[in-house]
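Trainee:
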C-alpha cells in the first residue's frame, strides 16, 4: 500500500506546481478565501453547513491553479450545492462559468470514504482579471469534518475561517503546522451562538519539494470537531476523546463477519497443519494473505470505513487495507492466535490520538498479532515486505487496537533501526590499461530490499532496472555477468553480483596514477538551501551503508599517498572511512548511518555541515608512483 492521506483540500494542490515555476508574468494571488460554518441543532439533530468563497487576482492566466478550480467532497457523507463561479475582466465584464464537471477522485487514502470532485474552468481570463467562486457543503456525518489550510501554493492576502456554533454544541479545535502564531484568533457571543474566527493575513506561497512530508507537517491548518451537543433527550457525545472516537469506530464494524466462514477456517487449518510454533503459523497466514489477496482500493460510502466480510474477501481474492486486515484477523483467530484489528494513521498524517481524537488521525487499517508477549504488526498491503517486518510508512505511528465494545489499546509501531535497512558491498578492483577493472557483491536488507523488489519484480525489462541501479552512484560504469539472488520475500538479504569496468576514473600524470578509491557516494552533495527551503525533508526509512573496497596494487607501482582515516558524527549522520594497507592490497572501509527520518528546519544547518564534510572526504585521492 502506498502512503495514505485524508486531507481533502490540498491533496491535489502540489500535483501541478512544478509546471509553473519558470514564470516571468505577474504573480497571481488570492485576494480573499473564507470558509464560514454554521453548526446548529435543528429538530434535535446536528446541522453542519459550510459556505466557502474565494476571490483571486489573475497575473498569469496560464497558471492552472488560477484558471481552474475544483471542489473535493464525499458523495456519501457530504452534499455540494449552490456553486457559483465567474470572472470579471479588467474592463469590468462579468462572465459566468457555464459547465461544471463531476469526476471520481483517485486518492491513496483507501481507508477513508469515497471521494469525488466538481471541476470547472474560468473562460477568457486576462492579466488583471479577477475570479470569484463559492459553494455550499452540507455534512451528513458529524464525525467527518473538513480541515482548513490557511496557506496555498500562491500568495494569499487574507485567509479566514469562522465557526458559528450553537450554544448547545461544544466544539474542540487544534492548530497545527508552521507559523500558527501568526494566525489571529477571536471569539464573541451573539445571542444563542458563539462565533469563532481564525485569520491569516499576507501569507506567501509554499514551494513544492518531492522529498517533503505531507502538508500536515508544515502548512498551518485548523482541525475542529464536535465534542457533544445537548438535545431534548440530554447530552449526546460525538468526539473529543479517544473513548468517543473508539465508540464511533466500533459501531462501524461490530456487525461484520456474519457470512459463513467454513472455507476460511479450512484454509487456515491447511496452512498451519504441522507447524509447531505460533510464529510459524502467523507467518504462514500472513504470507497467504499477502500473496493471494490482490490489493484493490475501495472508497464507496461506508465501505470506506467498514471491512468487507472476511469470507467474501477470501472467496473473491481481492480487497483493500481494511479487508486484508479483517481477513488476517479472522484467520489468526481460527489458528488460536491472539490478534486484533487495528486502526492506524500512516506517516502521511502528522497526528496523534491524544492531540486530535478524530477520524483524521487514521487512514489505514492493519492486524496486530501477539506472540510470546510481543506484538507483530501485520500489513499485507506491503507486497514486498517480508514477515515479520511491516510497511515503512507506519513506523513510529500509533495503532488503536479493537479489544471489545468498551475496551481498546493504543500501542506504538517501532521505528526500524538503520542497521536493519543495510546496504553493504564488497568491491574488488585493480587499475589496468587506464581502467578500473573488478567485481562487486552487494547485499540489500530490510526496506532497501523491499524497495528494490518493488521496482525489479514489476519491471518488464529487468536488465534495465539492474543497470540503472548499478550505475546510480557512478556514471560510465559498465556492468557484466550480473547475478541476482534471494529476490524473494525471505529475510535473507538480496544479493547482486557483477563484474565491472570503469573508464576515465583514474588520471595518469607522468609516473603517477591518481584516483578516488571510494566509488559509492551516499548523500554526496545533497545540501539543503537553507535560505530558500521552508519545509521539512523526509526519508522513507533510516538506513546504513557498509562498503569495503579491496584495491589490488600493481607490482610496478608503490603507494605514495593515502588520506587520513575519517570520522564524522552528529544526531543525523555517522560516517567512518578507514584506509589499511595489507600486503599487496589497499583496504578501504566506508560506513555510513542515517539516524533520522524527518529533518526539520532547525536540522538543516547540521545536515549541511555533515554533507559538506562527507563530500569533501569522498573526493580524497590516493596516489601511486611508478617504481
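In the working numbering, the protein residues as written are 55 to 681. Idealized CB from N, CA, C, for every residue including glycine. None of these values were measured; they are calculated from a predicted model.
1. Along the alpha helix (DSSP H) that carries residue 661, what are the first and last residues, could you check?
2. Since residue 407 and residue 464 should fall inside the 8 Å C-beta cutoff, what is the C-beta to C-beta distance between them, to a whole number of angstroms?
3. Look up residue 248 in the DSSP assignment and say whether it is helix, strand or coil.
4. What does the Cβ neighbour count give for residue 240, buried or exposed, with the cut at 16 atoms within 10 Å?
5. Can you give me the C-alpha to C-alpha distance between residue 602 and residue 642, rounded to a whole angstrom?
6. Alpha carbon to alpha carbon, how far is residue 577 from residue 204? Give it in angstroms, no decimals.
7. What residue from 322, 607, 171 and 139 has the CA that sits closest to residue 482's CA?
8. If the criterion is Cβ atoms closer than 8 Å, does the pair residue 194 and residue 95 meet it?
9. Using the rule of at least 16 other Cβ atoms within 10 Å of the residue's Cβ for burial, across every protein chain shown, is residue 623 buried or exposed?
10. Let me confirm a value: residue 439 is counted as buried when at least 16 other C-beta atoms fall within 10 Å, else exposed. Which label applies?
11. Below 6 Å CB to CB, which residues in the same chain sit around residue 76 once its five sequence neighbours on both sides are set aside?
12. Roughly how many whole angstroms lie between the Cα atoms of residue 516 and residue 345?
13. Using three-state DSSP, classify residue 449 as helix, strand or coil.
14. State the DSSP-derived secondary structure class of residue 270, mapped to helix, strand or coil.
15. Quick one: residues in its chain with C-beta nearer than 8 Å to the C-beta of residue 225, no 5 flanking neighbours on either side, listed in chain order?
16. According to DSSP, is residue 373 part of a helix, a strand, or is it coil?
17. Residues in its own chain within less than 8 Å of residue 508 by CB, not counting five upstream and five downstream?
18. Does residue 333 come out as helix, strand or coil in the three-state DSSP assignment?
19. Whether or not the stretch 517 to 524 and the stretch 469 to 476 are in contact is what I'm after, with contact meaning three or more pairs of Cβ atoms, one per stretch, closer than 8 Å; do they touch?
20. From residue 512 to residue 538, what distance separates their C-alpha atoms?
21. State the Cα-Cα distance for the pair residue 334 and residue 670, rounded to the nearest angstrom.
22. Does the distance from the C-beta atom of residue 154 to that of residue 183 stay below 8 Å?
23. Evaluate residue 683 with the Cβ neighbour count: other Cβ atoms within 10 Å of its Cβ, from every protein chain shown; 16 or more gives buried, anything less gives exposed.
24. In three-state DSSP terms, what is residue 123?
25. What's the gap between the Cα of residue 592 and the Cα of residue 435?
26. Report yes or no: do three or more beta-carbon pairs, one from the stretch 227 to 243 and one from the stretch 551 to 561, lie closer than 8 Å?
27. Check for me: the alpha helix (DSSP H) holding residue 682 runs from which residue to which?
28. In this structure, does DSSP put residue 152 in helix, strand or coil?
29. Which residue or residues does DSSP assign as beta-bridge partners of residue 348?
30. Where does residue 109 fall in DSSP's three states?
31. Using three-state DSSP, classify residue 179 as helix, strand or coil.
32. Just checking my contact of residue 610 with residue 551 at CB under 8 Å: how many whole Å lie between their CB atoms?
33. Compare the Cα-Cα distances from residue 391 to each of 337, 360 and 411 and report the closest residue.
34. CA-CA distance, residue 639 and residue 571?
35. If we count the other Cβ atoms within 10 Å of its Cβ and call it buried at 16 or more, is residue 634 buried or exposed?
36. Once the 5 residues before and after residue 565 are set aside, which same chain residues still bring their CB inside 8 Å of it?
Mentor: In brief:
1. For this step, residue 661 is matched to residue 607 along the chain shown. From DSSP, the alpha helix (DSSP H) with residue 661 extends over 658 to 672.
2. Within the chain shown, the letter at position 353 stands for residue 407. Within the chain shown, the letter at position 410 stands for residue 464. At roughly 6 Å, the Cβ-Cβ gap stays under 8 Å, so residue 407 and residue 464 are in contact.
3. Along the chain shown, one-based indexing puts residue 248 at 194. DSSP places residue 248 in strand when its eight states are reduced to three.
4. Here residue 240 is taken as the residue at index 186 of the chain shown, counted from 1. Label assigned to residue 240: exposed.
5. By one-based count along the chain shown, residue 602 stands at place 548. By one-based count along the chain shown, residue 642 stands at place 588. Approximately 6 Å between the Cα atoms of the pair.
6. Here residue 204 is taken as the residue at index 150 of the chain shown, counted from 1. Here residue 577 is taken as the residue at index 523 of the chain shown, counted from 1. Each residue's Cα considered, the two are about 34 Å apart.
7. For the purposes of this step, residue 482 is taken as the residue at position 428 of the chain shown. Nearest of 322, 607, 171 and 139 to residue 482, Cα basis: 607.
8. In the chain shown, residue 194 corresponds to position 140, counting from 1. In the chain shown, residue 95 corresponds to position 41, counting from 1. Taking 8 Å as the Cβ cut-off, residue 194 and residue 95 do not qualify as a contacting pair.
9. As a position in the chain shown, residue 623 is number 569, starting the count at 1. Residue 623 is exposed by the Cβ-count criterion.
10. Taking the chain shown and counting its residues from 1, one reaches residue 439 at position 385. Residue 439 is buried by the Cβ-count criterion.
11. By one-based count along the chain shown, residue 76 stands at place 22. For residue 76, the pLDDT reaches just 44, beneath the cut-off of 50, and the residue's location in the model is therefore unreliable, leaving the point undetermined.
12. Looking up residue 516 in the chain shown gives position 462. Looking up residue 345 in the chain shown gives position 291. If I take the Cα positions, the gap works out to 21 Å.
13. Mapped onto the chain shown, residue 449 falls at position 395. Here residue 449 sits in coil by DSSP.
14. In the chain shown, residue 270 corresponds to position 216, counting from 1. Residue 270 falls in the helix class under three-state DSSP.
15. As a working mapping, residue 225 is identified with position 171 in the chain shown. So the list reads 93, 217, 219, 250, 278, 279, 280 and 281, once near-sequence residues are dropped.
16. In the chain shown, residue 373 corresponds to position 319, counting from 1. Residue 373: strand per DSSP, three-state reduction.
17. The sequence position of residue 508 within the chain shown is 454, counting from 1. Result list for residue 508: 437 and 438, in chain order.
18. Here residue 333 corresponds to residue number 279 of the chain shown, with the count starting at 1. The answer is helix: DSSP assigns residue 333 an H, G or I state.
19. no
20. Taking the first residue of the chain shown as 1, we reach residue 512 at position 458. Taking the first residue of the chain shown as 1, we reach residue 538 at position 484. Cα to Cα, residue 512 sits roughly 15 Å from residue 538.
21. Locating residue 334 in the chain shown gives position 280, where the first residue counts as 1. Locating residue 670 in the chain shown gives position 616, where the first residue counts as 1. For residue 334 and residue 670, the distance between alpha carbons rounds to 48 Å.
22. Residue 154 sits at position 100 when you count from the first residue of the chain shown. Residue 183 sits at position 129 when you count from the first residue of the chain shown. No; because the gap between Cβ atoms is not below 8 Å, this pair is not in contact.
23. Nothing in the structure corresponds to residue 683, since the chain is present only between 55 and 681.
24. Here residue 123 refers to the residue found at position 69 when the chain shown is read from its first residue. Looking at residue 123 - three-state DSSP - the assignment turns out to be strand.
25. Here residue 592 is taken as the residue at index 538 of the chain shown, counted from 1. Here residue 435 is taken as the residue at index 381 of the chain shown, counted from 1. Distance between the alpha carbons of residue 592 and residue 435 is about 22 Å.
26. no
27. No statement about residue 682 is possible, as the shown extent of the chain runs from 55 to 681 and does not include it.
28. The residue you call residue 152 lines up with position 98 of the chain shown. Note: residue 152 maps to coil in three-state DSSP.
29. Here residue 348 corresponds to residue number 294 of the chain shown, with the count starting at 1. In DSSP, residue 348 forms a bridge with 372.
30. The sequence position of residue 109 within the chain shown is 55, counting from 1. Correct three-state label for residue 109: strand.
31. Translated into the one-based positions of the chain shown, residue 179 becomes position 125. Three-state result, residue 179: coil.
32. To locate residue 610, count along the chain shown from 1; it is residue 556. To locate residue 551, count along the chain shown from 1; it is residue 497. Not a contact, Cβ separation roughly 29 Å.
33. Position 337 of the chain shown, counting from 1, holds the residue named residue 391. It is 337 whose Cα lies nearest to the Cα of residue 391.
34. For the purposes of this step, residue 639 is taken as residue 585 along the chain shown, with counting starting at 1. For the purposes of this step, residue 571 is taken as residue 517 along the chain shown, with counting starting at 1. Going from the Cα of residue 639 to the Cα of residue 571 covers about 12 Å.
35. In the chain shown, counting from the first residue as 1, residue 634 sits at position 580. Label assigned to residue 634: exposed.
36. What you label residue 565 is simply residue 511 of the chain shown in a count that begins at 1. So the list reads 679 and 680, once near-sequence residues are dropped.
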